[in-house]
Amino acid sequence: MRDTLPEAGRSKVMTARALIHGAFLAATAAAVATPVFAQSGERWQPHQTEAQATVPTPRASGPVTGLTLSCAAQRWVLMFEMEGDTVLKEATLTVDRKPYRLAPFEGMDRNALRLPRLALDPLKTAVRAELALDGEGETASTRFALSLRGSHRAITTLEERCTPRDMSAYDTVTLTPYSSYLELARSLREGDIAAFELATASKPQLTAAMAEFGAGRRVLFTRLCGSSWYFGRSGCNLTGFAFDASADRKPDDTYETQWRVVYDTENARIHTDPKAGQDGWHDLVTLPVAGGGEGSVWRWNGKRYVRHATLADEDETLSGSSLELRPTRD
(Lines of atoms letter the chains of each structure in order from A and count residues from 1; the text may use other names and numbers.)
(Lines give C-alpha, C1' and ligand atoms only; values in the text may rest on other atoms or scores of the structure.)
Protein backbone atom coordinates (compact mmCIF):
# COMPACT_ATOMS: atom_id res chain seq x y z
CA MET A 1 0.00 0.00 0.00
CA ARG A 2 1.41 3.34 -0.97
CA ASP A 3 2.10 5.95 1.66
CA THR A 4 -0.39 8.68 0.87
CA LEU A 5 0.81 11.11 3.58
CA PRO A 6 2.26 14.36 2.34
CA GLU A 7 5.95 14.97 2.94
CA ALA A 8 5.23 17.33 5.83
CA GLY A 9 2.98 14.74 7.47
CA ARG A 10 5.58 11.99 7.19
CA SER A 11 8.14 14.31 8.79
CA LYS A 12 5.89 14.96 11.79
CA VAL A 13 5.23 11.25 12.31
CA MET A 14 8.94 10.44 12.20
CA THR A 15 9.68 13.24 14.67
CA ALA A 16 7.00 11.96 17.07
CA ARG A 17 8.37 8.41 16.85
CA ALA A 18 11.87 9.67 17.55
CA LEU A 19 10.67 11.55 20.63
CA ILE A 20 8.81 8.51 21.96
CA HIS A 21 11.83 6.28 21.34
CA GLY A 22 14.11 8.77 23.09
CA ALA A 23 11.80 8.99 26.09
CA PHE A 24 11.69 5.19 26.31
CA LEU A 25 15.49 4.96 26.29
CA ALA A 26 15.74 7.64 28.99
CA ALA A 27 13.21 5.84 31.20
CA THR A 28 15.04 2.54 30.71
CA ALA A 29 18.36 4.13 31.64
CA ALA A 30 16.83 5.66 34.77
CA ALA A 31 15.40 2.30 35.81
CA VAL A 32 18.76 0.63 35.35
CA ALA A 33 20.48 3.36 37.39
CA THR A 34 17.96 3.10 40.25
CA PRO A 35 19.16 0.87 43.11
CA VAL A 36 17.41 -2.48 43.36
CA PHE A 37 15.78 -1.64 46.69
CA ALA A 38 13.89 1.29 45.16
CA GLN A 39 12.46 -0.86 42.38
CA SER A 40 11.33 -3.57 44.78
CA GLY A 41 9.66 -1.01 47.07
CA GLU A 42 11.74 -1.89 50.16
CA ARG A 43 11.37 0.54 53.04
CA TRP A 44 12.72 1.13 56.51
CA GLN A 45 10.66 -1.19 58.71
CA PRO A 46 10.34 -0.63 62.48
CA HIS A 47 10.12 -3.86 64.46
CA GLN A 48 6.86 -4.76 66.17
CA THR A 49 7.73 -3.78 69.75
CA GLU A 50 11.47 -3.12 70.07
CA ALA A 51 13.30 0.14 69.40
CA GLN A 52 14.80 -1.32 66.25
CA ALA A 53 14.25 -0.90 62.51
CA THR A 54 15.46 -2.83 59.50
CA VAL A 55 17.24 -0.61 56.98
CA PRO A 56 17.06 -1.84 53.36
CA THR A 57 20.37 -2.50 51.60
CA PRO A 58 20.87 -2.65 47.82
CA ARG A 59 22.27 -5.79 46.25
CA ALA A 60 25.45 -3.96 45.31
CA SER A 61 26.51 -3.34 48.91
CA GLY A 62 29.66 -5.44 48.99
CA PRO A 63 30.01 -7.63 52.08
CA VAL A 64 27.05 -5.98 53.84
CA THR A 65 24.10 -8.35 53.95
CA GLY A 66 21.86 -6.46 56.35
CA LEU A 67 21.47 -3.24 58.37
CA THR A 68 19.56 -2.61 61.61
CA LEU A 69 19.15 0.70 63.42
CA SER A 70 18.56 0.44 67.17
CA CYS A 71 18.24 2.76 70.15
CA ALA A 72 18.65 2.03 73.86
CA ALA A 73 19.24 4.55 76.65
CA GLN A 74 19.22 7.22 73.90
CA ARG A 75 22.25 5.61 72.25
CA TRP A 76 21.74 5.15 68.52
CA VAL A 77 23.56 2.25 66.87
CA LEU A 78 23.72 1.01 63.28
CA MET A 79 24.38 -2.74 63.26
CA PHE A 80 25.90 -4.35 60.15
CA GLU A 81 25.46 -7.96 59.12
CA MET A 82 28.61 -8.89 57.19
CA GLU A 83 29.71 -11.81 55.07
CA GLY A 84 32.10 -14.25 56.71
CA ASP A 85 34.59 -12.78 59.17
CA THR A 86 34.61 -9.29 57.71
CA VAL A 87 35.62 -6.69 60.30
CA LEU A 88 34.19 -3.18 60.07
CA LYS A 89 36.29 -0.41 61.62
CA GLU A 90 34.15 2.66 61.01
CA ALA A 91 32.05 4.29 58.32
CA THR A 92 31.01 7.65 56.93
CA LEU A 93 27.33 8.36 56.41
CA THR A 94 26.71 11.18 53.95
CA VAL A 95 23.21 12.67 54.04
CA ASP A 96 22.50 15.24 51.33
CA ARG A 97 26.26 15.91 51.05
CA LYS A 98 26.77 16.32 54.81
CA PRO A 99 29.12 13.65 56.26
CA TYR A 100 28.73 12.00 59.67
CA ARG A 101 31.40 9.77 61.16
CA LEU A 102 30.19 6.44 62.54
CA ALA A 103 32.67 5.11 65.10
CA PRO A 104 32.72 1.67 66.76
CA PHE A 105 30.24 1.27 69.59
CA GLU A 106 31.82 -0.26 72.67
CA GLY A 107 29.87 -2.96 74.43
CA MET A 108 28.41 -4.53 71.28
CA ASP A 109 29.77 -6.74 68.53
CA ARG A 110 32.55 -5.62 66.23
CA ASN A 111 30.25 -4.46 63.45
CA ALA A 112 28.10 -2.05 65.45
CA LEU A 113 28.71 1.65 64.83
CA ARG A 114 27.41 4.66 66.76
CA LEU A 115 25.07 6.93 64.81
CA PRO A 116 25.29 10.60 65.88
CA ARG A 117 21.97 12.04 67.02
CA LEU A 118 22.58 15.00 64.73
CA ALA A 119 22.08 12.69 61.74
CA LEU A 120 18.56 11.60 62.73
CA ASP A 121 16.50 14.56 61.54
CA PRO A 122 18.38 14.81 58.21
CA LEU A 123 17.79 11.10 57.62
CA LYS A 124 14.05 11.67 58.03
CA THR A 125 13.80 14.22 55.24
CA ALA A 126 16.86 13.81 53.02
CA VAL A 127 16.77 13.07 49.31
CA ARG A 128 19.95 11.00 49.22
CA ALA A 129 22.17 9.11 51.67
CA GLU A 130 25.31 7.08 51.14
CA LEU A 131 27.48 4.81 53.30
CA ALA A 132 31.23 4.49 52.81
CA LEU A 133 32.83 1.71 54.87
CA ASP A 134 36.31 1.54 56.37
CA GLY A 135 37.45 -1.95 57.20
CA GLU A 136 39.69 -4.76 56.06
CA GLY A 137 39.99 -6.23 52.58
CA GLU A 138 36.91 -5.80 50.41
CA THR A 139 35.23 -3.59 52.99
CA ALA A 140 37.84 -0.85 52.61
CA SER A 141 36.40 0.33 49.31
CA THR A 142 32.71 -0.42 49.82
CA ARG A 143 30.37 2.47 49.09
CA PHE A 144 26.64 2.27 48.45
CA ALA A 145 23.47 4.37 48.47
CA LEU A 146 20.84 3.98 51.17
CA SER A 147 17.13 3.95 50.50
CA LEU A 148 15.35 6.55 52.61
CA ARG A 149 11.83 5.32 51.93
CA GLY A 150 10.03 5.04 55.25
CA SER A 151 12.95 6.50 57.21
CA HIS A 152 10.83 9.27 58.78
CA ARG A 153 8.25 6.86 60.19
CA ALA A 154 10.86 4.34 61.35
CA ILE A 155 13.10 6.85 63.15
CA THR A 156 10.11 8.57 64.76
CA THR A 157 8.87 5.20 66.03
CA LEU A 158 12.28 4.41 67.52
CA GLU A 159 12.44 7.82 69.19
CA GLU A 160 9.13 7.07 70.92
CA ARG A 161 10.25 3.61 72.06
CA CYS A 162 13.84 4.34 73.04
CA THR A 163 14.55 4.13 76.77
CA PRO A 164 15.81 7.21 78.66
CA ARG A 165 19.53 7.83 78.90
CA ASP A 166 21.45 6.84 82.01
CA MET A 167 21.41 9.74 84.47
CA SER A 168 22.85 7.88 87.46
CA ALA A 169 25.72 10.38 87.66
CA TYR A 170 23.23 13.08 88.68
CA ASP A 171 20.72 13.68 91.47
CA THR A 172 17.11 13.44 90.28
CA VAL A 173 14.63 16.12 91.31
CA THR A 174 11.28 14.36 91.75
CA LEU A 175 8.30 16.71 91.82
CA THR A 176 5.22 15.37 93.59
CA PRO A 177 1.77 16.61 94.70
CA TYR A 178 2.58 15.23 98.17
CA SER A 179 5.61 17.43 98.84
CA SER A 180 5.76 19.07 102.25
CA TYR A 181 6.52 22.29 100.37
CA LEU A 182 3.31 22.16 98.32
CA GLU A 183 1.53 24.93 100.25
CA LEU A 184 4.55 27.21 99.88
CA ALA A 185 4.57 26.37 96.17
CA ARG A 186 0.87 27.16 95.93
CA SER A 187 1.45 30.53 97.56
CA LEU A 188 4.37 31.36 95.26
CA ARG A 189 2.38 30.36 92.16
CA GLU A 190 -0.89 31.95 93.31
CA GLY A 191 -0.92 34.53 90.52
CA ASP A 192 -0.08 31.93 87.85
CA ILE A 193 -2.81 29.60 89.11
CA ALA A 194 -5.39 32.39 89.06
CA ALA A 195 -4.40 33.40 85.51
CA PHE A 196 -4.70 29.80 84.31
CA GLU A 197 -8.13 29.38 85.90
CA LEU A 198 -9.33 32.61 84.30
CA ALA A 199 -8.09 31.57 80.84
CA THR A 200 -9.21 27.93 80.88
CA ALA A 201 -11.98 27.70 83.50
CA SER A 202 -10.10 24.77 85.05
CA LYS A 203 -7.54 24.17 87.77
CA PRO A 204 -3.91 23.26 86.99
CA GLN A 205 -2.12 20.37 88.67
CA LEU A 206 0.59 21.57 91.06
CA THR A 207 3.66 19.55 92.08
CA ALA A 208 6.80 20.60 93.92
CA ALA A 209 10.25 19.51 95.13
CA MET A 210 13.09 21.15 97.04
CA ALA A 211 16.74 20.87 95.95
CA GLU A 212 19.24 21.57 98.74
CA PHE A 213 22.83 22.60 97.95
CA GLY A 214 24.10 23.40 101.43
CA ALA A 215 24.97 26.65 103.25
CA GLY A 216 21.40 27.89 102.83
CA ARG A 217 21.41 27.46 99.06
CA ARG A 218 18.22 25.78 97.90
CA VAL A 219 15.76 25.91 95.03
CA LEU A 220 12.06 25.11 95.28
CA PHE A 221 10.94 23.68 91.94
CA THR A 222 7.24 24.04 91.14
CA ARG A 223 5.38 22.60 88.18
CA LEU A 224 1.97 23.60 86.86
CA CYS A 225 0.33 21.32 84.27
CA GLY A 226 -2.99 21.50 82.53
CA SER A 227 -3.01 22.69 78.93
CA SER A 228 -0.68 22.60 75.92
CA TRP A 229 -2.62 25.57 74.57
CA TYR A 230 -1.71 27.59 77.66
CA PHE A 231 1.70 26.27 78.72
CA GLY A 232 3.12 25.21 75.36
CA ARG A 233 3.68 21.83 73.74
CA SER A 234 4.65 20.06 76.97
CA GLY A 235 1.45 21.19 78.68
CA CYS A 236 3.38 22.28 81.78
CA ASN A 237 5.49 25.08 83.19
CA LEU A 238 8.48 24.49 85.47
CA THR A 239 9.56 27.38 87.70
CA GLY A 240 12.28 27.38 90.35
CA PHE A 241 12.46 29.77 93.32
CA ALA A 242 15.57 30.49 95.39
CA PHE A 243 15.40 31.76 98.96
CA ASP A 244 17.17 35.09 99.32
CA ALA A 245 17.76 35.81 103.01
CA SER A 246 19.89 38.85 102.19
CA ALA A 247 17.23 40.62 100.13
CA ASP A 248 16.19 44.07 101.27
CA ARG A 249 12.87 43.64 103.04
CA LYS A 250 10.10 46.06 103.80
CA PRO A 251 8.22 45.95 107.12
CA ASP A 252 5.18 44.33 105.51
CA ASP A 253 7.16 41.66 103.61
CA THR A 254 6.32 38.02 104.29
CA TYR A 255 8.36 34.83 104.15
CA GLU A 256 7.08 34.19 100.64
CA THR A 257 8.46 37.48 99.34
CA GLN A 258 11.99 36.29 100.08
CA TRP A 259 11.66 33.67 97.35
CA ARG A 260 12.45 34.86 93.83
CA VAL A 261 12.28 33.18 90.43
CA VAL A 262 15.65 31.83 89.29
CA TYR A 263 14.56 29.25 86.71
CA ASP A 264 11.61 29.19 84.29
CA THR A 265 11.01 26.81 81.36
CA GLU A 266 8.49 24.43 79.85
CA ASN A 267 8.25 21.00 81.43
CA ALA A 268 11.43 18.91 81.64
CA ARG A 269 13.01 16.05 83.56
CA ILE A 270 15.33 17.86 85.92
CA HIS A 271 18.51 16.76 87.71
CA THR A 272 21.26 18.48 89.66
CA ASP A 273 24.98 17.90 89.23
CA PRO A 274 26.81 17.82 92.58
CA LYS A 275 30.17 17.82 90.77
CA ALA A 276 29.67 21.04 88.82
CA GLY A 277 28.32 24.49 89.54
CA GLN A 278 29.05 28.08 90.41
CA ASP A 279 29.39 29.77 93.82
CA GLY A 280 28.05 26.66 95.56
CA TRP A 281 24.95 26.42 93.36
CA HIS A 282 24.88 23.06 91.62
CA ASP A 283 24.39 22.92 87.87
CA LEU A 284 20.94 21.87 86.66
CA VAL A 285 20.70 19.22 83.93
CA THR A 286 17.40 18.97 82.06
CA LEU A 287 16.07 16.49 79.52
CA PRO A 288 12.90 16.61 77.41
CA VAL A 289 9.99 14.76 78.98
CA ALA A 290 9.08 12.94 75.77
CA GLY A 291 11.32 11.54 73.05
CA GLY A 292 15.07 11.95 72.87
CA GLY A 293 15.99 15.50 72.07
CA GLU A 294 18.89 17.48 73.43
CA GLY A 295 19.65 17.84 77.09
CA SER A 296 20.63 21.20 78.56
CA VAL A 297 22.95 22.33 81.34
CA TRP A 298 21.96 25.38 83.35
CA ARG A 299 24.50 27.28 85.47
CA TRP A 300 24.15 29.88 88.19
CA ASN A 301 25.25 33.38 87.07
CA GLY A 302 25.05 35.07 90.46
CA LYS A 303 21.36 35.92 90.19
CA ARG A 304 19.61 33.07 88.40
CA TYR A 305 20.13 29.95 86.31
CA VAL A 306 20.93 30.50 82.62
CA ARG A 307 21.42 27.94 79.87
CA HIS A 308 25.12 27.18 79.84
CA ALA A 309 25.67 24.24 77.50
CA THR A 310 24.12 21.41 75.54
CA LEU A 311 24.50 18.02 77.16
CA ALA A 312 26.52 15.95 74.70
CA ASP A 313 25.09 12.67 73.49
CA GLU A 314 26.51 9.69 75.29
CA ASP A 315 27.61 8.31 71.94
CA GLU A 316 29.85 11.35 71.52
CA THR A 317 31.87 10.41 74.59
CA LEU A 318 33.79 7.23 75.27
CA SER A 319 33.30 7.37 79.02
CA GLY A 320 30.15 5.87 80.44
CA SER A 321 29.06 8.24 83.19
CA SER A 322 31.19 11.34 82.75
CA LEU A 323 29.38 13.30 80.05
CA GLU A 324 31.09 16.09 78.17
CA LEU A 325 29.44 19.42 77.47
CA ARG A 326 29.16 21.38 74.23
CA PRO A 327 29.09 25.16 74.85
CA THR A 328 26.07 26.98 73.46
CA ARG A 329 25.83 30.36 71.83
CA ASP A 330 23.28 31.55 74.36
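All letters in the sequence shown, in the order written, are residues -38 to -1, 1 to 292 by mature numbering (1 follows the signal peptide of the UniProt record, and there is no 0).
Note that CB positions come from ideal geometry on N, CA and C, so glycine has one too.
These figures come from a predicted structure and were not determined experimentally.
query = Applying the criterion that 16 or more other CB atoms from any shown protein chain within 10 Å of the CB defines a buried residue, is residue 302 buried or exposed?
reply = Given a span of -38 to 292 for the chain in the structure shown, any question on residue 302 remains unanswerable.
query = CB V251 to CB S196, shorter than 8 Å?
reply = yes
Spatial distance of T234 from N263 (CA atoms) = 16 Å
request  = Please go through the same chain and pick out, in chain order, the residues whose beta-carbon is closer than 7 Å to the beta-carbon of P289, but skip the five residues on each side of it.
outcome  = Here P289 scores only 43 on pLDDT, less than 50, and its place in the model should not be relied on; the value that follows carries that caveat. Result list for P289: A271, in chain order.
task = Report all residues from its chain with a CB closer than 6 Å to the CB of G28; omit the five preceding and five following residues, and keep chain order.
result = E43
inquiry  = Quick check: does the Cβ of A163 come within less than 7 Å of any heavy atom belonging to the ligand FAD?
reply    = In the structure on display, the ligand FAD does not appear, and there are no ligands present to speak of.
ask   = Pairing CB atoms from the segment 112 to 127 with CB atoms from the segment 143 to 160, are three or more of them under 8 Å?
value = At 8 Å Cβ cutoff, the stretches do not touch.
task = Give the secondary structure of E145 by DSSP, where H, G and I count as helix, E and B as strand, and everything else as coil.
result = helix
ask   = For the beta strand (DSSP E) that contains S32, what are its first and last residues?
value = V26 to A34
key: At least 3 beta-carbon pairs within less than 8 Å: the segment 222 to 230 vs the segment 90 to 97   = no
message = Suppose you measure from the CA of E52 to the CA of L168; what does that come to, to the nearest Å?
response = Between the C-alpha atoms of E52 and L168 there is a straight-line separation of about 49 Å.
message = Please return the same chain residues whose Cβ sits closer than 6 Å to the Cβ of R123, not counting the five positions on each side in sequence.
response = A13
ask   = So, is V89 buried or exposed, given that buried needs 16 or more other C-beta atoms within 10 angstroms?
value = exposed
request  = Run the CB neighbour count on Q1, radius 10 Å, all protein chains shown included, and call it buried at 16 or more, exposed below.
outcome  = For Q1, the predicted structure reports a pLDDT of 38, less than 50, and the residue's modelled location is therefore unreliable. The matter cannot be settled from this model.
Counted within 10 angstroms of its Cβ, other Cβ atoms place S109 as buried (16 or more) or exposed = buried
message = Can you tell me which residues form a DSSP beta bridge with K60?
response = V57
request  = With distances taken Cα to Cα, identify the nearest neighbour of A204 among G194, F193 and T184.
outcome  = T184
inquiry  = Taking the alpha carbon of A81 as the reference point, which residue from G24, G257 and K60 has its own alpha carbon closest?
reply    = K60
query = The beta strand (DSSP E) with W260 in it runs from where to where?
reply = Note, W260: beta strand (DSSP E), G257 to W262.
ask   = With burial defined as no fewer than 16 other Cβ atoms inside 10 Å of the residue's Cβ, what is the status of A170: buried or exposed?
value = buried
ask   = What are the start and end residues of each continuous alpha helix (DSSP H) run of 4 or more residues lying completely inside the segment 179 to 248, in chain order?
value = 190 to 193
ask   = Y143 to M172, Cα distance in whole Å?
value = 7 Å
request  = Pick helix, strand or coil for R266, following the three-state DSSP scheme.
outcome  = coil
message = According to DSSP, simplified to helix, strand and coil, what is R115?
response = helix
task = Just the C-alpha distance for D241 and T219, rounded to the nearest angstrom, thanks.
result = 23 Å
query = If you follow the beta strand (DSSP E) that F106 is part of, which residue opens it and which one closes it?
reply = R105 to L108
message = Considering Cα atoms alone, identify which of L55, R76, L246 and T136 is closest to L40.
response = R76
task = On a CA-only basis, which of S103, T201 and W243 is nearest R231? Give me that one, please.
result = Considering only alpha carbons, the answer is T201.
ask   = Quick one, which of G178, P126 and H9 has its alpha-carbon nearest T248's?
value = P126
query = Looking only at its own chain, which residues have a Cβ that is under 8 Å from the Cβ of A74, when we skip the five neighbours before and after it?
reply = Same-chain partners within the cutoff: V39, L40, M41, F42, P66 and F67.
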